[in-house]
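Structure record follows, encoded as structure tokens.
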Amino acid sequence: MTFNWSPDEWQAGRKLIQFWRRQHTDTKEEDSSSTGEVECGFETITQEEYQQQRLRDSLTKESQPQKSPLVVSCIYWRERNDYYITSVDCIYLLEGLIGVQFTVEEKNRIRRNLEGYRPCTVSKCKSDCAEFFKLIMGFPHPKPRNIEKDVKVFPWKILPSALQKIIGKYTPSYSSTMAVNLSS
């Protein structure tokens with residue numbers, strides 16, 4: 066995702082990546098147990114494609130339930146010449162790949178587990194990252210943040226190992242019963 070950026074992506078400072086998941090269930094004949102394997106894929110999507118997809122989804126929402134697009138931002142930090150993902154997008158992506166909506170406690174546990182990847186806290190009050198903060202806060206939907214406050218960012222290159230680490234440690238709590246409908 067850090068290669069082949071279009072002029073529009075360079076100008077915006079981000080590339081949108083749409084993920085999807087498919088769950089495969091196999092039944093082992095010898096012990097009659099069922100194992101579920103989740104396969105995920107991704108592709109880049111333009112801001113215009115994302116907006117069109119949201120418009121289509123809003124028009125068809127009443128007649129039939131739609132799956133939510135799982136789109137996150139790969140953000141270019143010019144001053145550091147590197148690519149980042151916000152903790153908000155990382156948690157959103159994990160929810161989508163696992164297929165549940167995390168409780169506040171689970172999100173906090175995930176944030177603690179992600180601390181090992183040494184995120185950078187981006188703040189409007191820090192001179193070395195104030196411009197990057199403004200960039201993140203100024204993005205249209207899909208917004209890589211929830212509210213206008215300090216946000217932690219991770220180098221994009223750690224995303225695969227971070228996802229594997231969190232998914233490998235994830236044990237759902239009974240309170241995270243709200244399934245996220247992404248794909249079939």
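To convert, count from 1 in the sequence shown and add 65; that's my numbering.
Even for Gly, the Cβ is constructed at its ideal location relative to N, Cα and C.
Note that the coordinates shown come from a computational prediction; the quantities given were computed from them, not determined experimentally.
From the DSSP output, in three-state form, read off residue i for me.
i, result
"I156", "helix"
"P72", "helix"
"F198", "helix"
"R176", "helix"
"F143", "Checking the displayed sequence, the identity of residue 143 turns out to be Arg instead of Phe. Residue state, collapsed to three classes: coil."
"Y235", "coil"
"T125", "helix"
"I150", "strand"
"S192", "coil"
"R210", "coil"
So if DSSP puts residue i in a beta bridge, which residue, or which two residues, is it bridged to?
i, result
"G106", "W85"
"T186", "K217"
"V136", "Q83"
Taking the straight line between their C-alpha atoms, what separation do you get for residue i and residue j?
i, j, result
"K230", "E196", "31 Å"
"A77", "L200", "9 Å"
"K191", "T125", "44 Å"
"D96", "Q166", "Bear in mind that the predicted position of D96 carries a pLDDT of just 48, short of 50, making it too unreliable to give a figure here."
"R145", "I82", "21 Å"
"L224", "S123", "30 Å"
"K217", "P134", "23 Å"
"E171", "K214", "21 Å"
Is the separation between the beta-carbon of residue i and that of residue j shorter than 8 Å?
i, j, result
"P205", "V136", "no"
"T111", "D73", "yes"
"M66", "C185", "no"
"R87", "L162", "no"
"Y141", "R210", "no"
"I150", "W70", "no"
"A227", "Y157", "no"
Does the stretch 169-178 come close enough to the stretch 104-112 to have 3 or more Cβ pairs within less than 8 Å? no
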